[in-house]
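Asks: Here you go, one structure.
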Amino acid sequence: MGLSRRQALLSAAALPLAATLPRAARAKAEKQGMSVPSFSRFALGDFEVTTLLAGTRPVENPHDIFGLNVSAEEFAAASDAAFLPTDVAQFFFTPTLVNTGAALILFDTGLNPEGITAALAAAGHTPDEVDTVVITHMHGDHIGGLMGEAGATFANAAYVTGAVEHNHWMGAGNETFDAKVRPLNDRFSFLDDGGAVAPGISANLAPGHTPGHMAYRIESGGKSLMLIADAANHPVWSLAHPDWEVKFDADKAQAAATRRSLLG
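Start counting the sequence shown at 89; every next residue gets the next number (the numbering used here).
If you want it as structure tokens, here you go:
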């Protein structure tokens, strides 16, 4: 498509300014790094699934976390094959929202109320619209958004989690659990392996990362996905290498067995 006379004149007028700017001035702005979408939405049968970016941070020396039972050379080789640096990894905290048409169901809540509220807003939702909050396990980056100084983040929601997981943390003396989950105990329902959150959404016990960690099978219109949360929390260093030990797994052998089972 050709330029109009006006566009050509405006473009030409800008050239002398750019050409005469000192090099330092032209390069003054710092690079901002890779952009990351705040949400991603797709259809699953009649359901709509939205992943939400509720937070992200760099973590140095990822081999201190992943692949504890393999050598630095093996870790580096697997990383190089996947074009991954070995000095730093970017962690992403991504709760998942499922709209069944009858209910809006949120899986996990990220690190804090501010992060999950902003992520929901970017995707066109508010916390008040959430009907059910499902907690896959009780680590702080999954329960952190449940409560804030103003109280419960999801004022209208019911809460669901695994019975084994909840029972474990009730006696653990964990400060984050006591602050974020215990005040909501009366609003929680508890599932065993195979229990239903809603039609088409069922719990699957996936222990190891924590004693009662749950994965959830989501099925609609002949399509299905497995939301595995932290059963495998990196596509290469955990999912592609299920036997690699992960620092944050409470029972490392059980976590590896769970990953192999989920992978079939």
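Each residue gets a CB set at the ideal place from its N, CA and C atoms; glycine is no exception.
Would Asn321 be called buried (16 or more neighbouring beta carbons within 10 Å of its own) or exposed?
Replies: With 16 or more other Cβ atoms within 10 Å, it is buried.
Asks: I'd like to know if the region 219–236 and the region 184–198 are in contact, where contact means that at least 3 CB-CB pairs between them fall below 8 Å.
Replies: Flag = yes, the region 219–236 and the region 184–198 touch.
Asks: Looking at the strands, I want to know which residues DSSP matches up with Pro215.
Replies: According to DSSP, Pro215 bridges with nothing at all.
Asks: Strictly by DSSP, which residues pair up with Ser312?
Replies: Glu307, per the DSSP bridge assignment.
Asks: Counting C-beta neighbours from all protein chains within 10 Å, is the total for Asn292 16 or more, i.e. buried, or is it exposed?
Replies: It is buried - the Cβ of Asn292 has at least 16 other Cβ atoms within 10 Å.
Asks: Please name the residue in Gly232, Val248, Val252 and Arg275 whose C-alpha comes closest to that of Glu263.
Replies: Checking every option, the nearest Cα to that of Glu263 belongs to Gly232.
Asks: Using the C-alpha atoms, what's the distance from Val324 back to Ala169?
Replies: C-alpha separation (whole angstroms): 10 Å.
Asks: Can you name the start and end residues of the alpha helix (DSSP H) that Gly296 belongs to?
Replies: No alpha helix (DSSP H) holds Gly296; DSSP gives it neither H nor E.
Asks: The beta strand (DSSP E) spanning Ile193 covers which residue range?
Replies: Its beta strand (DSSP E) spans residues Leu192 to Phe195.
Asks: Looking at C-beta atoms only, is the number of pairs between the region 162–177 and the region 142–150 that lie closer than 8 Å three or more?
Replies: Short answer: they touch.
Asks: Can you name, in chain order, every residue of its own chain whose Cβ lies under 6 Å from the Cβ of Glu333, other than the five neighbours on each side?
Replies: Same-chain partners within the cutoff: Leu156, Asn157 and Lys340.
Asks: Kindly confirm or deny that the region 248–264 and the region 272–284 touch, where touching means at least three C-beta pairs closer than 8 Å.
Replies: Cβ pair count under 8 Å is three or more, so yes.
Asks: Assuming His225 and Met314 are in contact, meaning their beta carbons sit under 8 Å apart, how far apart are those beta carbons, in whole angstroms?
Replies: About 15 Å separates the two Cβ atoms, so there is no contact after all.
Asks: If contacts are defined as beta-carbon pairs under 8 Å, then Leu140 and Pro201 qualify, I think. What distance do you get, rounded to the angstrom?
Replies: Not a contact, Cβ separation roughly 13 Å.
Asks: Can you tell me which residues form a DSSP beta bridge with Ile223?
Replies: DSSP lists Thr249 as partners of Ile223.
Asks: Per DSSP, what kind of secondary structure is Leu132 in: helix, strand or coil?
Replies: Of the three classes helix, strand and coil, the one that applies to Leu132 here is strand, per DSSP.
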